[in-house]
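Working notes for the structure below.
Protein chains: 4
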Amino acid sequence: MPSVVVIGASGYAGAIAADLLWRHPQFELAAITAREDAGRPLHELYPHHRVPLTLEQLELDRVGRADAAIVAYPHGTAAPVVAELLARGLRVVDLSADFRLREVSVYEHWYVPHPHPELIERAVYGLTELYRAEIAAAALVACPGCFPTAAILALAPLAAAGLIADVVIDAKTGVSGMGKQPRDANHFVAVTENVRPYGVGAHRHMPEIDQELAALGAPVPVTFTPHLLPIDEGELLSCYVTPTRALSQAELEGLYAERYAGEPFIELVATAPGVRDVRETNVCALNLHADERTGKLFVFAAIDNLWKGTASQAIANLNLMFGLDEGLGLR
Amino acid sequence: MPSVVVIGASGYAGAIAADLLWRHPQFELAAITAREDAGRPLHELYPHHRVPLTLEQLELDRVGRADAAIVAYPHGTAAPVVAELLARGLRVVDLSADFRLREVSVYEHWYVPHPHPELIERAVYGLTELYRAEIAAAALVACPGCFPTAAILALAPLAAAGLIADVVIDAKTGVSGMGKQPRDANHFVAVTENVRPYGVGAHRHMPEIDQELAALGAPVPVTFTPHLLPIDEGELLSCYVTPTRALSQAELEGLYAERYAGEPFIELVATAPGVRDVRETNVCALNLHADERTGKLFVFAAIDNLWKGTASQAIANLNLMFGLDEGLGLR
Amino acid sequence: MPSVVVIGASGYAGAIAADLLWRHPQFELAAITAREDAGRPLHELYPHHRVPLTLEQLELDRVGRADAAIVAYPHGTAAPVVAELLARGLRVVDLSADFRLREVSVYEHWYVPHPHPELIERAVYGLTELYRAEIAAAALVACPGCFPTAAILALAPLAAAGLIADVVIDAKTGVSGMGKQPRDANHFVAVTENVRPYGVGAHRHMPEIDQELAALGAPVPVTFTPHLLPIDEGELLSCYVTPTRALSQAELEGLYAERYAGEPFIELVATAPGVRDVRETNVCALNLHADERTGKLFVFAAIDNLWKGTASQAIANLNLMFGLDEGLGLR
Amino acid sequence: MPSVVVIGASGYAGAIAADLLWRHPQFELAAITAREDAGRPLHELYPHHRVPLTLEQLELDRVGRADAAIVAYPHGTAAPVVAELLARGLRVVDLSADFRLREVSVYEHWYVPHPHPELIERAVYGLTELYRAEIAAAALVACPGCFPTAAILALAPLAAAGLIADVVIDAKTGVSGMGKQPRDANHFVAVTENVRPYGVGAHRHMPEIDQELAALGAPVPVTFTPHLLPIDEGELLSCYVTPTRALSQAELEGLYAERYAGEPFIELVATAPGVRDVRETNVCALNLHADERTGKLFVFAAIDNLWKGTASQAIANLNLMFGLDEGLGLR
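Protein chains in written order, with the working numbering: chain D, 262 to 592; chain E, 262 to 592; chain U, 262 to 592; chain G, 262 to 592.
Okay, structure coming up:
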């Protein structure tokens with residue numbers, strides 16, 4: 262049974278990855294590490310996960326004996342750890358932004374100087390539904406951001422068909438996406454009974470969405486604005502597409518049905534989904550509407566930002582990398 | 262001191278109107294009526310309003326002695342009552358949709374056969390900031406819907422300048438907008454930790470927004486989708502405008518500053534507003550962003566759907582109709 | 262593989278029971294029925310359960326071919342169905358109050374005339390931890406109410422040791438306990454940012470708690486008050502015991518550790534639990550505090566009202582009735 | 262018009278006090294100060310307060326020219342400022358715990374070494390309903406903690422009549438009571454869909470409640486446990502009294518009606534109150550239940566922890582200190 266370590270398991274996504282691996286029938290969770298909470302049992306931080314392991318300080322010689330690693334570090338700090346793990350022969354799924362963008366200049370414009378630009382070309386973008394074969398063969402998988410996961414799944418069939426002339430993506434997200442570090446912006450009193458846009462015109466997930474839509478065939482800069490909602494987990498993306506030509510509801514539905522036929526974690530649903538419908542699952546629910554009044558196409562996408570948007574997609578990718586069924590351990 | 266009755270004070274908006282009138286320095290709240298809860302003290306339904314009046318059955322001869330009425334009935338049922346009250350010489354502020362749309366055919370397409378089409382031309386559209394003079398002189402004021410209030414205030418300066426080529430409005434609203442009747446969709450368990458689009462492509466506030474934008478100079482069908490959030494009051498509209506020509510941030514801000522100079526209840530704010538910032542006020546907060554990346558203009562508008570979106574705007578209009586300061590009794 | 266039907270699967274608890282059975286490795290979910298929603302796929306009502314069955318009208322001849330049934334009907338309506346199912350030889354787990362109270366007169370005082378008093382003596386009270394052997398042998402198991410489940414588990418060790426002179430139980434519960442029927446009291450606007458006692462001095466779970474505490478050795482009428490909180494699932498009981506003699510913290514902890522040694526779903530936790538810690542689990546978390554200042558003993562108990570408080574406890578009991586591991590299908 | 266300064270206006274309670282004074286018809290808000298946010302306009306921190314003043318660094322010579330001060334500093338840091346202000350002749354309402362406890366040893370047991378024990382005897386305990394005359398004459402008023410405010414108002418009539426043999430107080434509170442400093446415990450994700458006891462057996466408000474109940478005639482140590490709820494403002498106390506003799510419902514109600522006759526901010530309500538009923542008011546709502554089954558007396562008390570529990574009670578006291586109507590500026 263392959264052994265896996267989770268590097269950075271004290272954050273929300275890392276802890277969920279640890280939980281999924283702990284219960285996984287074909288992986289052994291060998292160790293969990295954390296930079297700040299080393300020495301604390303994970304259940305002290307997350308009683309509901311019921312993972313009876315203690316967070317350790319990262320010791321590369323020790324964790325380097327595992328077969329694979331999930332790295333859940335912030336951007337900029339992930340790359341050096343990833344480099345060390347790859348050098349020791351582990352297969353790595355990285356949850357940070359460090360290896361998502363193919364152009365180092367784009368990364369450095371939006372983030373920081375890249376610590377290991379030479380590794381970028383070795384990384385496969387870990388959107389399971391788009392890069393399944395590449396993921397299976399990869400040593401390094403860069404899991405997409407939560408918003409790009411939903412946005413690209415929502416738009417891929419239209420992008421690939423050259424049907425996107427313009428698109429506005431209005432995103433609504435829960436507070437867990439902001440991380441567990443207490444801040445003014447995630448104080449309960451600031452969030453409850455409120456809704457507020459943030460990162461207006463400047464969110465770092467935009468270049469990632471642009472990159473993938475362009476790769477699919479839609480080289481348009483997206484309009485993308487996230488809004489913070491009083492929910493803990495869950496993400497809803499409302500995508501308003503100006504198509505390059507008129508599409509009927511039937512044609513729109515047909516396009517998606519064909520593209521996503523057989524996909525185990527894509528649900529094409531008949532009414533606009535709520536995020537509760539996909540909570541704590543690896544599912545992306547999509548709903549389609551060809552608007553006769555305006556000629557626009559609406560695509561609504563719901564995911565759990567911590568699951569399909571991060572941790573469970575990482576496990577699905579790990580399954581593929583070890584020749585297992587993509588959905589193993591994910592119900 | 263002019264006497265005012267509230268017809269339909271058992272709903273959320275009617276009850277707030279009653280509360281505001283009860284504390285108003287220049288109006289006397291003469292009576293409150295309800296169709297279903299007649300005989301019950303209002304504080305039984307709404308302890309926090311502390312209005313020591315009892316809901317009465319509507320008796321037109323009795324309420325007809327007042328100087329003015331606020332009618333808070335559902336569409337289709339409001340018009341007959343409004344007609345009776347006008348016939349008795351009262352000045353009427355109607356909160357329903359019955360007199361908002363100028364074309365009876367448009368009304369009948371979206372709602373029901375119109376009970377009193379002959380009164381439509383006597384009605385003034387009660388968006389205070391746009392029709393102040395007409396409201397002051399009107400016998401019948403049709404208060405806008407909550408979404409149109411925010412949408413039109415958000416877009417009026419651009420529309421009037423002929424700058425809107427296309428617009429997507431993504432709206433987020435609290436549950437109170439759905440009314441107080443218990444339904445599956447407003448059950449706490451259905452709403453908490455959830456967010457969901459509704460009325461996709463079919464919301465009745467669209468023709469109202471279209472009508473007013475066209476009147477201002479932007480004859481474009483709006484793309485408009487509301488989303489239900491786990492909050493009770495408050496509405497945030499994120500408007501994404503494709504302009505007819507490029508605008509800089511400074512030009513955009515200048516346009517709004519000029520248009521809304523001196524407006525007591527419009528706040529142009531430097532960062533994207535949350536709905537908590539305007540809770541239980543008559544304020545519409547607007548934030549502007551000229552997006553260099555896409556060339557689009559973003560306008561974020563926050564109001565309280567029950568206050569500026571309904572009840573407090575009604576009081577502001579009533580103030581104008583009786584020659585009082587628009588903000589009297591609204592802080 | 263034994264086949265099981267869920268009678269009344271359109272309510273919250275019945276639907277969870279169906280979901281747990283659908284994924285259960287050793288039971289076959291043969292059918293789900295509902296009185297009002299027959300003909301609708303269950304996922305229409307509960308998309309997140311992903312149970313691909315359609316609710317049927319109850320036909321006793323058809324469901325009577327199953328090996329067992331979970332009945333999730335309201336009190337008074339459950340007993341006649343239970344009687345029919347028993348007559349057809351099924352083993353039945355009933356979630357209603359109909360067979361919880363051993364004295365028919367007590368039942369009829371708090372509820373309605375009992376439709377099948379002759380069956381009461383055949384029923385075993387389904388609190389797994391207290392009646393494990395009897396449940397395994399029973400044809401009819403009456404699952405406890407959600408509050409009694411937590412209250413009795415919280416107090417059993419003290420009651421059995423004759424240590425309870427008096428007890429105040431202050432309960433906090435989520436909205437799902439009230440059922441899915443929309444009502445004024447579960448309207449989102451009534452619940453959010455609010456907390457309110459209900460059923461003061463008159464809650465029907467009191468006689469059930471009294472009965473079981475008396476059976477254990479504490480014949481005291483409990484003081485019990487539930488409060489409605491703005492959460493969907495979860496129940497926290499704060500129990501304040503006046504003991505018959507002084508107890509130290511160590512003695513208190515020893516008493517519980519001994520009584521609950523080996524219990525798979527009782528967690529004795531070092532700090533007062535939150536309901537999130539046990540959400541969607543069959544766990545009852547207990548925290549103990551011997552208060553030096555007042556001499557009182559505090560016991561805090563957290564469960565998920567729909568899981569341990571209803572549906573998952575039913576599955577645990579069903580497991581026992583068919584000789585399976587109590588925790589099968591419950592993680 | 263007397264001028265008032267608010268020292269420490271960047272916290273929740275100080276900011277509300279500033280807002281109430283800004284709109285007060287008979288006080289002038291002369292200045293607002295803060296230790297950490299000096300230089301920032303208050304509306305940047307609290308847009309909804311709409312107070313157009315900027316937080317200043319505390320300069321005693323400048324603020325010392327005012328007639329009165331509200332001090333909203335943490336315990337231990339308030340006393341030195343209070344001493345300086347008193348020395349300059351200001352009348353002071355202190356919101357901290359520094360002058361609430363009459364015994365310096367009790368204060369030092371629960372808090373820190375007292376910086377100014379010599380001032381304790383000059384302080385009047387600012388529970389308006391109990392010490393109205395003393396407050397009017399005082400130079401220094403020590404506003405009660407939020408829990409003691411509700412607890413003492415809930416129990417005073419019984420305590421004064423010698424009717425309390427024992428009492429259990431189970432308190433439920435919103436997150437704002439914990440202050441605005443971001444912490445793990447007030448992170449939205451930690452609070453939503455959760456409820457949790459805290460400060461079990463060790464909350465600092467216990468000695469304050471004990472002191473005042475003893476002064477009234479009930480020298481019993483209270484059992485008191487607060488619970489954190491997913492609400493922002495509001496506090497509900499459920500008090501379970503074992504009386505020294507049996508009382509009927511009528512006698513219980515009569516006792517409270519008599520004691521609180523004419524009280525402008527005490528509401529005796531017929532059904533158990535929710536905290537929403539008193540949100541953003543100076544009201545304490547009380548509901549009474551003589552429980553026939555157990556002989557206990559239940560008293561439910563609801564207040565807004567930031568208003569009656571802190572800031573609005575401070576304004577009421579300030580009104581009394583300057584000979585004004587107690588409710589001026591509080592609706």
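Positions of the beta carbon are idealized from the N, C-alpha and C atoms, including for glycine. Source: prediction; values computed, not measured.
Contact set between residue i and chain D, taken where Cβ atoms lie within less than 8 Å
| i | result |
| --- | --- |
| Asp538(U) | Pro308 and His309 |
| Lys569(E) | None at all; the shortest Cβ gap to chain D is about 16 Å. |
Within chain E, the residues that residue i reaches when beta carbons sit closer than 8 Å
| i | result |
| --- | --- |
| Asp493(U) | Phe449, Val450, Thr453 and Glu454 |
| Ala412(D) | Result: empty, since nearest Cβ-Cβ is about 14 Å, beyond 8 Å. |
7 Å Cβ cut-off: residues of chain E touching residue i
| i | result |
| --- | --- |
| Arg554(D) | Gly462 and Pro482 |
| Val436(U) | Phe449 and Val450 |
Separation of residue j from residue i, as counted between CA atoms
| i | j | result |
| --- | --- | --- |
| Ile252(U) | Trp568(G) | Since the first residue shown for chain U is 262 and the last is 592, residue 252(U) is missing from the structure and cannot be characterised. |
| Ala329(G) | Thr294(G) | 14 Å |
| Ser437(D) | Gln442(G) | 19 Å |
| Asn543(D) | Arg311(U) | 13 Å |
| Ala451(D) | Tyr307(G) | 10 Å |
| Pro482(E) | Glu379(E) | 27 Å |
| Glu297(G) | Gly387(G) | 28 Å |
| Ile430(U) | Glu496(U) | 12 Å |
| Asp359(G) | Pro468(G) | 13 Å |
| Leu462(U) | Thr555(G) | The question names Leu, yet the displayed sequence has Gly at residue 462(U). Using only the alpha carbons, I get a separation of about 9 Å. |
| Gly584(U) | Arg363(U) | 26 Å |
| Leu547(E) | Cys404(E) | 20 Å |
Local conformation of residue i per DSSP, three classes
| i | result |
| --- | --- |
| Asn548(G) | strand |
| Glu297(D) | coil |
| Pro302(E) | strand |
| Thr486(E) | strand |
| Arg352(U) | strand |
| Ser271(U) | coil |
| Val539(U) | helix |
| Thr389(G) | coil |
| Glu395(D) | helix |
| Ile492(E) | coil |
| Glu528(E) | strand |
| Tyr521(E) | coil |
| Leu281(D) | helix |
| Pro308(D) | helix |
| Leu585(D) | coil |
Chain D contact residues for residue i, given Cβ-Cβ distances below 9 Å
| i | result |
| --- | --- |
| Lys441(G) | Asp445, His448, Val450 and Ala451 |
Nearest-angstrom beta carbon gap, residue j and residue i [assumed within contact, 8 Å]
| i | j | result |
| --- | --- | --- |
| Gly440(D) | Tyr334(D) | In fact, because the Cβ distance is near 12 Å, the residues do not count as touching under 8 Å. |
| Leu216(G) | Ser509(G) | The structure shown does not extend to residue 216(G), since chain G is modelled only from 262 through 592, so no value can be given for it. |
| Pro491(U) | Ser499(G) | Wrong, their Cβ atoms sit about 17 Å apart, outside the cutoff. |
Chain A within 8 Å of residue i, Cβ atoms only
| i | result |
| --- | --- |
| Ser509(E) | Considering every chain present, this structure includes no chain A. Its protein chains are D, E, U and G. |
Could you pull out every unbroken alpha helix (DSSP H) segment of at least 4 residues lying fully inside the stretch 399-431 of chain E, listed in chain order? Restricted to the stretch 399-431 of chain E, the alpha helix (DSSP H) segments that are unbroken, complete and at least 4 residues in length are 407-421, listed in chain order.
Which runs of the alpha helix (DSSP H) fall wholly inside the stretch 428-478 of chain U and span at least 4 residues, in chain order? Note on the stretch 428-478 of chain U: whole alpha helix (DSSP H) runs with a minimum of 4 residues are 449-452 and 466-477, in chain order.
Just list the beta strand (DSSP E) runs in the stretch 311-371 of chain D, keeping only unbroken ones of 3 residues or longer that don't cross its boundaries, in chain order. Within the stretch 311-371 of chain D, the complete beta strand (DSSP E) segments at least 3 residues long are 329-332 and 352-355, listed from N- to C-terminus.
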